[in-house]
Amino acid sequence: MTGATESLKVRVWDAPVRIFHWLLASAFLVEWLTQDDARTLDVHVYAGYLIGVLLLFRVLWGLIGTRWARFGSFAFSPLEAVRYLARLLQRRPEHALGHNPAGSWAIYAILTLALLAVVSGIAALAGEKAYGPMTRLIPYAQGSLAHRIHELVAWTLLVVVGAHIAGVVISSVIERQNLALAMVTGVKRSPLREASVSASVPAALVLLGVLLAGTAWYFRGYARATAERPYLPFARPALASDPLWEQECGTCHLAFHPSLLPQRSWNLMLTDSGEHFGEDLGLSDSTRAALEAYAALHSAEHAESPIAWKLNADIAPAEAPLRVTETRYWKRRHRTLPDAVWADTRRSDCAACHQDAQGGGFTPGAIALPSSTRTPQGNKK
2 MTGATESLKV RVWDAPVRIF HWLLASAFLV EWLTQDDART LDVHVYAGYL
52 IGVLLLFRVL WGLIGTRWAR FGSFAFSPLE AVRYLARLLQ RRPEHALGHN
102 PAGSWAIYAI LTLALLAVVS GIAALAGEKA YGPMTRLIPY AQGSLAHRIH
152 ELVAWTLLVV VGAHIAGVVI SSVIERQNLA LAMVTGVKRS PLREASVSAS
202 VPAALVLLGV LLAGTAWYFR GYARATAERP YLPFARPALA SDPLWEQECG
252 TCHLAFHPSL LPQRSWNLML TDSGEHFGED LGLSDSTRAA LEAYAALHSA
302 EHAESPIAWK LNADIAPAEA PLRVTETRYW KRRHRTLPDA VWADTRRSDC
352 AACHQDAQGG GFTPGAIALP SSTRTPQGNK K
């Protein structure tokens with residue numbers, strides 16, 4: 002009996018396929034856990050790149066891999082998938098050692114949607130954050146559209162993954178074998194004598210080596226970071242600065258970069274400099290003219306950073322806000338912060354949380370809330 006039982010055990014899934022499967026599932030989970038939080042955007046982006054590399058590998062392995070890993074082994078028509086589902090509901094499905102007809106279409110859908118999620122995510126990253134391989138190819142105005150497409154694809158992918166998991170559970174019950182465990186061990190039971198595929202350990206080691214090297218390279222900045230010089234993963238070159246602006250504006254508070262408000266706002270503040278929020282700035286005509294000239298060259302309309310474009314796009318042409326904290330964009334982006342943040346921090350003290358506020362960058366990954374006020378929903382960007 003032992004020999005007969007052993008003869009029905011077949012290695013179907015090689016090591017590269019199993020590694021791909023579980024890394025893809027893990028990366029997808031990480032994407033959902035880190036969505037929309039600027040403080041974990043670097044991890045979110047890493048998981049997206051990981052998915053992209055895994056997809057490239059799967060396409061290659063689908064062409065040159067072992068028998069059941071190849072696309073040709075599960076190239077079923079839609080009609081075959083429907084027939085399989087019908088027989089499955091009748092609790093007498095046809096035996097499929099590799100991917101069954103219905104599962105094959107779930108795999109194709111997952112691979113296609115995952116690719117669309119990666120591409121749309123890179124496009125959104127370029128348009129909204131001015132970062133990544135598509136930077137300068139995707140304008141700011143298209144970044145939000147790419148983000149919406151990215152979210153739609155991600156939700157669709159979640160539905161397909163849910164259907165895939167449900168199918169695995171149902172098939173496991175009807176076929177009386179644990180298909181999820183088979184993707185761990187690589188072994189399935191077969192009523193027919195089938196030859197086991199190669200474990201392909203060398204290919205698996207190459208895949209893991211490439212992924213580990215890429216991971217170390219991606220996060221290399223954290224290894225060199227110090228308390229005085231923290232690693233800011235999405236840091237860009239500092240925006241243009243002006244000594245006079247820093248001197249006149251930075252004496253009492255953060256010298257807000259002119260890119261954070263439109264030119265009309267700066268003109269209004271500098272024209273009424275004798276009544277600057279209850280204080281007289283005491284500016285000479287020449288100093289005021291120099292400040293106005295600098296502000297005109299670098300105001301929000303020039304979109305020198307993603308945050309500048311977003312702020313300006315959200316301010317009506319007839320409006321001239323005198324505080325960044327009065328803008329709709331600022332209020333929307335900070336609405337989820339806990340009240341404890343404002344207990345010890347003024348709303349105008351951007352540098353309390355944004356480590357690159359002085360240079361006007363306000364990049365994701367440069368946000369550090371006080372430890373006592375951090376929440377899972379804090380400061381989404």
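My numbering numbers the first residue of the sequence shown as 2 and each following residue consecutively.
Even for Gly, the Cβ is constructed at its ideal location relative to N, Cα and C.
Between which two residues does the beta strand (DSSP E) containing residue i stretch?
i: Val188; result: 188-190
Look up residue i in the DSSP assignment and say whether it is helix, strand or coil.
i: Asp286; result: helix
i: Ile20; result: helix
i: Asp340; result: helix
i: Asp43; result: helix
i: Asp243; result: coil
i: Asp38; result: strand
i: Val185; result: helix
i: Ser197; result: coil
i: Gly362; result: coil
i: Thr1; result: The first residue shown for the chain is 2 and the last is 382, placing residue 1 beyond what the model contains.
i: Tyr232; result: coil
i: Asp350; result: coil
i: Glu32; result: helix
i: Leu180; result: helix
i: Gly4; result: In this prediction, Gly4 scores a pLDDT of 41, lower than 50, which makes its location untrustworthy; no coordinate-derived value is stated.
i: Ala26; result: helix
i: Ala48; result: helix
i: Leu323; result: coil
i: Gly53; result: helix
i: Arg59; result: helix
Could you please give the first and the last residue of the uninterrupted alpha helix (DSSP H) stretch that includes residue i?
i: Val13; result: Run containing Val13: none; DSSP gives neither H nor E here.
i: Ser172; result: 141-176
i: Pro203; result: 202-219
i: Arg329; result: 329-335
i: Ile308; result: 307-314
Based on the DSSP secondary-structure assignment, which residues constitute the bridge partners of residue i?
i: Ile368; result: His355
For the putative contact between residue i and residue j, defined by C-beta atoms under 8 Å, what is the C-beta separation to the nearest angstrom?
i: Arg19; j: Val185; result: 7 Å
i: Gly49; j: Gly99; result: Going by Cβ atoms, the distance from Gly49 to Gly99 rounds to 29 Å, so no, they are not a contact pair.
i: Leu114; j: Val169; result: The pair is not a contact, with the Cβ atoms about 18 Å apart (cut-off 8 Å).
i: Leu255; j: Thr288; result: Actually they are not in contact, since the Cβ atoms of Leu255 and Thr288 sit about 19 Å apart, beyond 8 Å.
i: Ser173; j: Asn179; result: 6 Å
i: Ser260; j: Glu305; result: 5 Å
As an exercise, report each continuous alpha helix (DSSP H) stretch of at least 4 residues that is fully enclosed by the stretch 245-303, in chain order. Counting whole runs of 4 or more residues, the stretch 245-303 contains the alpha helix (DSSP H) stretches 264-272, 286-299.
Ignoring anything shorter than 4 residues or poking outside the stretch 64-141, list the alpha helix (DSSP H) runs there in chain order. The stretch 64-141 contains these whole alpha helix (DSSP H) runs: 79-90, 102-130.
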